[in-house]
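Colleague: Please read through the structure below; I'll follow up with questions.
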Amino acid sequence: MTMLDIRNFGKQFTIHHLEKTIQAVEGVNFSIEEGEFLGIVGRSGSGKSTVLKSIYRSYLSDAGAILYDSARYGKVNLAKATEREMLYLRKYEIGYVSQFLNVMPRTTSRELVEKALLEMGETEEAARCEAEKALDHFELDEALWDTYPNTFSGGEKLRLNIAIATVKKPRLLLLDEPTASLDYASKMKVREIIEKLKANGTTLLGIFHDIEFMEGVCDKVYDMRTRKVTQEVAIASEG
Amino acid sequence: MHEAPLLRVRDLTKQFGEACSSCDGGENLEKNYCPTCGTVYACQNISFDLYPGEILGIVGESGSGKSSMMQCLYFDSEVTSGAVYLDHIPALAGKNVFALSSQQKRAIRNQQYGMVYQNPIRGLKMDFSSVGNIAEKLIAAGNRHVGDMEAVSKSLLEHVHIPLFRMKEEPRNFSGGMQQRVQIAKALSNNPPILFLDEVTTGLDLSVQANVLDLIKGIQRDLGISMIVVSHDLAVIRMLADRTIVMLNGSIIEDGLTDQILEDPQHAYTQQLVYSLL
Ligand SMILES: Nc1ncnc2c1ncn2[C@@H]1O[C@H](COP(=O)(O)OP(=O)(O)OP(=O)(O)O)[C@@H](O)[C@H]1O
Ligand SMILES: Nc1ncnc2c1ncn2[C@@H]1O[C@H](COP(=O)(O)OP(=O)(O)OP(=O)(O)O)[C@@H](O)[C@H]1O
Ligand SMILES: [Mg+2]
Ligand SMILES: [Mg+2]
Ligand SMILES: [Zn+2]
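Top line first, the protein sequences correspond to chains P and S.
Quick note, the first sequence lines up with residues 6 to 244 if you use this note's numbering.
Quick note, the second sequence lines up with residues 2 to 279 if you use this note's numbering.
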């Protein structure tokens with residue numbers, strides 16, 4: 006089954022006070038089957054994040070279609086779905102993780118993970134238990150569970166981000182350079198996490214500047230330069 | 002799936018003044034104002050839906066018509082034209098509540114709505130005790146049992162962190178943040194499914210602001226009340242709202258998911274608003 010099918014996607018930004026329109030990206034076509042991991046590579050500014058943010062609808066796309074096979078709604082074009090549908094999909098089906106932590110202030114790590122579960126309708130009891138399991142699973146030091154994450158290191162923030170996104174068991178997970186600015190050991194941990202998610206059947210779409218690092222986990226690579234999907238990680242990362 | 006809205010607002014229009022041949026219908030205005038006859042077009046064809054359990058943010062500069070809209074919704078002032086539907090109440094399904102009798106409007110206000118005003122003087126009797134202010138709303142909603150009302154008032158004030166020993170005090174002795182919290186307790190006292198909040202944190206210190214915002218977020222999480230939160234401050238909206246509407250000169254110029262409004266604003270005015278936040 007095709008989980009996500011991106012057809013002739015394009016996006017431009019108009020900055021009114023500069024009277025300027027930037028074509029961020031255009032002519033993007035690729036698809037991902039259920040349970041696959043597709044990596045996106047390309048130079049800085051080629052529009053990789055724009056593609057991911059448009060899938061999550063933090064950006065409004067203006068050309069093409071983003072067809073997602075939803076458990077709830079069936080086939081939906083995420084470029085056109087209603088705001089309420091998008092909120093539902095974000096709550097239950099589609100997760101987004103970047104290296105930046107964008108969360109409610111004055112909320113502890115534990116509360117953030119619990120909140121993700123509570124908003125899906127889990128009981129307080131179950132949320133408490135699941136949250137601890139997730140924090141433990143992603144190896145966030147127990148001393149950090151009841152503190153605010155704004156002072157966390159890059160790796161800690163990222164692991165918390167992944168915990169928040171994955172306790173929901175999303176069907177589709179979007180990863181925007183989750184390994185950027187991490188040391189080797191932390192990167193290995195992210196790789197292990199992705200392996201586990203994949204083993205659980207999660208469909209993954211990720212941006213990696215060092216895609217070779219994901220060799221063996223990543224099924225296909227979309228290259229922004231050639232606009233083509235290749236099966237092998239090594240070939241895509243050459244040019 | 003089709004999810005039903007709790008509140009539907011259609012073409013809500015509010016003007017101050019009689020209009021003239023030059024401006025009729027909102028033509029030839031300077032911002033929201035007719036230079037020929039002086040009519041102010043405070044709200045023009047405002048339409049949106051409010052869904053169960055959501056916080057809908059409304060942001061716009063001073064004078065964009067936010068309070069005028071809230072006052073029309075709460076029946077504090079008469080609309081010029083437009084409709085509001087509360088379809089979840091079987092007896093009101095498909096009926097424009099603006100067209101109901103004043104008695105029916107009062108019943109809706111007492112049973113369906115809670116309001117927190119921009120200015121606490123509008124929402125509270127400053128020379129009644131805090132408990133008395135809440136009891137007044139409970140009586141309006143049909144309560145008669147004094148002991149019950151006192152117990153409900155106390156638990157609500159406790160919920161908004163007003164210390165027990167100050168509950169009998171008059172709100173005029175309270176700080177701005179405390180007054181807003183008493184207003185919130187009062188607005189919640191009739192268990193309304195819909196809460197209107199007009200600039201609840203404006204004029205408060207940053208730390209007090211944070212405290213009130215946390216309280217609102219907690220109310221949404223624990224009670225699942227639908228809220229319309231109005232603010233000229235995008236930072237407040239970012240904290241609270243899943244969806245956001247942007248108003249300018251009495252009209253809606255843009256709406257979207259709050260993070261999309263912040264990361265990919267479409268309208269020139271919204272862009273200016275967002276860039277000034279960064
Ligand atoms: N919110 C925005 N407003 C205006 N322009 C934007 C916005 N987001 C991205 N762009 C522009 O779109 C283009 C693509 O940016 P994007 O962030 O998608 O690139 P990227 O491939 O992710 O780059 P990097 O590898 O550096 O993260 C760039 O020219 C960028 O300046
Ligand atoms: N009673 C009134 N008579 C005439 N004009 C009025 C009256 N009340 C409001 N207005 C005008 O209606 C317009 C909208 O005002 P409103 O108070 O709704 O704005 P607002 O968006 O709430 O602004 P703020 O952010 O300053 O609270 C303004 O131009 C205002 O001057
Ligand atoms: Mg990027
Ligand atoms: Mg106002
Ligand atoms: Zn006129």
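Even for Gly, the Cβ is constructed at its ideal location relative to N, Cα and C.
If we ignore side chains and look at the alpha-carbon of each, how far apart do P/Y153 and P/M6 end up?
Modeller: Reading the first sequence from its first residue, position 148 is the one you call residue 153 of chain P. Reading the first sequence from its first residue, position 1 is the one you call residue 6 of chain P. Distance between the alpha carbons of P/Y153 and P/M6 is about 41 Å.
Colleague: Note the first and the last residue of the continuous alpha helix (DSSP H) segment covering P/G69.
Modeller: On the first sequence, position 64 is the one that residue 69 of chain P refers to. Looking at the DSSP string, P/G69 is not in any alpha helix (DSSP H); the run it does join, the beta strand (DSSP E), is A68 to S75.
Colleague: Rounded to a whole number of angstroms, what is the C-alpha to C-alpha distance between P/T113 and P/L140?
Modeller: Here residue 113 of chain P is taken as the residue at index 108 of the first sequence, counted from 1. Here residue 140 of chain P is taken as the residue at index 135 of the first sequence, counted from 1. Distance between the alpha carbons of P/T113 and P/L140: 12 Å.
Colleague: Specify, as a first and last residue, the run of the alpha helix (DSSP H) that S/S156 falls within.
Modeller: Here residue 156 of chain S corresponds to residue number 155 of the second sequence, with the count starting at 1. It spans V147 to H160 - the alpha helix (DSSP H) in which S/S156 sits, taken as one unbroken run.
Colleague: Taking 8 Å as the cut-off, is the CB of S/D199 close to at least one heavy atom of ligand 4?
Modeller: On the second sequence, residue 199 of chain S is found 198 positions in, with the first residue counted as 1. Answer for S/D199: yes, Cβ within range of ligand 4.
Colleague: Can the beta-carbon of P/A190 be found closer than 9 Å to that of P/V102?
Modeller: Indexing the first sequence from 1 puts residue 190 of chain P at position 185. Indexing the first sequence from 1 puts residue 102 of chain P at position 97. No, they are not a contact pair.
Colleague: Name, going along the chain, the residues of the region 252 to 264 of chain S whose beta-carbon falls closer than 7 Å to a beta-carbon of chain P.
Modeller: Those residues of the region 252 to 264 of chain S that come within reach of chain P (Cβ to Cβ, closer than 7 Å) are G257, L258, D260, Q261 and E264.
Colleague: How is S/I163 classed by DSSP in three states: helix, strand or coil?
Modeller: The residue given as residue 163 of chain S occupies position 162 in the second sequence. Residue state, collapsed to three classes: coil.
Colleague: Are any of the Cβ atoms in chain S nearer than 9 Å to that of P/E98?
Modeller: Against the first sequence, residue 98 of chain P aligns to sequence position 93. Not closer than 9 Å to any Cβ of chain S, the Cβ of P/E98 fails to qualify, so no.
Colleague: Is S/A43 near ligand 5, with its Cβ less than 8 Å from a heavy atom?
Modeller: Locating residue 43 of chain S in the second sequence gives position 42, where the first residue counts as 1. S/A43 Cβ: outside cutoff for every heavy atom of ligand 5.
Colleague: State yes or no: is the C-beta of S/F49 nearer than 8 Å to some heavy atom of ligand 2?
Modeller: By one-based count along the second sequence, residue 49 of chain S stands at place 48. Answer for S/F49: no, Cβ out of range of ligand 2.
Colleague: Going by beta carbon distance, what residues of the same chain come within less than 6 Å of P/G244, once the five residues before and after it are set aside?
Modeller: To locate residue 244 of chain P, count along the first sequence from 1; it is residue 239. The predicted model places P/G244 with a pLDDT of 45, which falls under 50 and marks its position as unreliable, so this point remains unresolved.
Colleague: Determine the direct distance from the alpha carbon of S/E28 to that of S/C35, and round the result to whole angstroms.
Modeller: Residue 35 of chain S sits at position 34 when you count from the first residue of the second sequence. Residue 28 of chain S sits at position 27 when you count from the first residue of the second sequence. About 8 Å.
Colleague: Using a C-beta cutoff of 9 Å, does P/F18 count as contacting chain S?
Modeller: By one-based count along the first sequence, residue 18 of chain P stands at place 13. By this cut-off, P/F18 is an interface position.
Colleague: Between S/V10 and ligand 2, is the CB less than 8 Å from at least one heavy atom?
Modeller: By one-based count along the second sequence, residue 10 of chain S stands at place 9. For ligand 2, not one heavy atom lies less than 8 Å from the Cβ of S/V10.
Colleague: What residues of chain P sit near S/R244, judged by a beta carbon separation below 9 Å?
Modeller: As a first step, residue 244 of chain S is located in the second sequence; it is residue number 243 there, counting from the start. Per Cβ cutoff of 9 Å: E88, R89 and L92.
Colleague: What residues in the region 57 to 80 of chain P have a beta carbon less than 8 Å from any beta carbon of chain S?
Modeller: Going along the region 57 to 80 of chain P in chain order, one finds K58, R62, S63, Y64, L65, R77 and Y78 with a Cβ nearer than 8 Å to chain S.
Colleague: Does ligand 4 have even one heavy atom less than 8 Å from the beta-carbon of S/C184?
Modeller: Position 183 of the second sequence, counted from the start, is the residue given in the question as residue 184 of chain S. For the sequence presented, residue 184 of chain S should be read as Gln rather than Cys. For ligand 4, not one heavy atom lies less than 8 Å from the Cβ of S/Q184.
Colleague: Could you check whether P/G40 and P/Q28 sit closer than 9 Å to each other, using their CB atoms as the reference points?
Modeller: For the purposes of this step, residue 28 of chain P is taken as the residue at position 23 of the first sequence. For the purposes of this step, residue 40 of chain P is taken as the residue at position 35 of the first sequence. In this structure, P/G40 does not lie closer than 9 Å to P/Q28 by Cβ.
Colleague: In the DSSP assignment, what residue or residues form a beta bridge with P/S103?
Modeller: Your numbering for residue 103 of chain P matches position 98 in the first sequence. Paired residue(s): P/D181.
Colleague: Quick one: list the residues of chain P neighbouring S/D215, beta-carbon separation under 7 Å, in chain order.
Modeller: Counting from one through the second sequence, the residue named residue 215 of chain S turns up at place 214. Residues of chain P passing the Cβ test: R111.
Colleague: Could you tell me the boundaries of the beta strand (DSSP E) in which P/Q17 lies?
Modeller: On the first sequence, position 12 is the one that residue 17 of chain P refers to. Per DSSP, P/Q17 belongs to the beta strand (DSSP E) from T7 to I20.
Colleague: Using a Cβ-Cβ distance under 9 Å, would P/K173 count as near chain S?
Modeller: In the first sequence, the residue the question calls residue 173 of chain P occupies position 168. Judged by the 9 Å Cβ criterion, P/K173 is not in contact with chain S.
Colleague: Would a C-beta distance cut-off of 9 Å place P/L178 and P/L145 closer than the cut-off?
Modeller: In the first sequence, residue 178 of chain P corresponds to position 173, counting from 1. In the first sequence, residue 145 of chain P corresponds to position 140, counting from 1. Result no, Cβ atoms of P/L178 and P/L145 do not sit closer than 9 Å.
Colleague: Please list, in chain order, the chain S residues whose beta carbon lies closer than 9 Å to that of P/H22.
Modeller: Residue 22 of chain P sits at position 17 when you count from the first residue of the first sequence. Near P/H22 (Cβ distances below 9 Å), the residues of chain S are A269, Q272, Q273 and Y276.
Colleague: Within its chain, find whatever has a CB closer than 6 Å to the CB of P/I199; leave out the 5 residues flanking it on each side and keep chain order.
Modeller: Here residue 199 of chain P is taken as the residue at index 194 of the first sequence, counted from 1. Answer for P/I199: V222, listed in chain order.
Colleague: So, using beta-carbon positions, are S/P194 and S/I229 closer together than 9 Å?
Modeller: Position 193 of the second sequence, counted from the first residue, corresponds to residue 194 of chain S. Position 228 of the second sequence, counted from the first residue, corresponds to residue 229 of chain S. For S/P194 and S/I229, no; Cβs fall outside 9 Å.
Colleague: Would you kindly work out how many angstroms separate the C-alpha atoms of S/R11 and S/S82, rounded to a whole number?
Modeller: Translated into the one-based positions of the second sequence, residue 11 of chain S becomes position 10. Translated into the one-based positions of the second sequence, residue 82 of chain S becomes position 81. Near 9 Å, if we compare the C-alpha coordinates of S/S82 and S/R11.
Colleague: Is S/G1 buried or exposed, if buried means 16 or more other CB atoms sit within 10 Å of its CB?
Modeller: Nothing about residue 1 of chain S can be reported from this structure: the residues present for chain S run from 2 to 279 only.
Colleague: Have a look at the DSSP bridge pairing and note the partners of S/S208.
Modeller: Here residue 208 of chain S is taken as the residue at index 207 of the second sequence, counted from 1. None, per the DSSP bridge assignment.
Colleague: Strictly closer than 7 Å from CB to any heavy atom of ligand 3: give me those residues in the order they appear in the chain.
Modeller: Counting every residue whose Cβ lies closer than 7 Å to a heavy atom of ligand 3, we get P/K53, P/S54, P/D181, P/E182 and P/I212.
Colleague: Assuming S/N97 and S/Y114 form a contact by the criterion Cβ under 8 Å, report the distance between their Cβ atoms to the nearest whole angstrom.
Modeller: As a working note, residue 97 of chain S is residue 96 in the second sequence. As a working note, residue 114 of chain S is residue 113 in the second sequence. In fact, because the Cβ distance is near 16 Å, the residues do not count as touching under 8 Å.
Colleague: Give me the DSSP bridge partner(s) of S/F197.
Modeller: As a working note, residue 197 of chain S is residue 196 in the second sequence. S/M116 and S/I229.
Colleague: When burial is assigned at 16 or more other CB atoms within 10 Å of the CB, is P/G32 buried or exposed?
Modeller: The residue labelled residue 32 of chain P in the question sits at position 27 within the first sequence. Exposed is the call here.
Colleague: In the structure shown, what three-state DSSP assignment does P/V222 receive?
Modeller: Residue numbering aside, residue 222 of chain P sits at position 217 when the first sequence is read from its first letter. Here P/V222 sits in coil by DSSP.
Colleague: Run through DSSP, which three-state label would S/P266 get?
Modeller: Against the second sequence, residue 266 of chain S aligns to sequence position 265. Three-state result, S/P266: coil.
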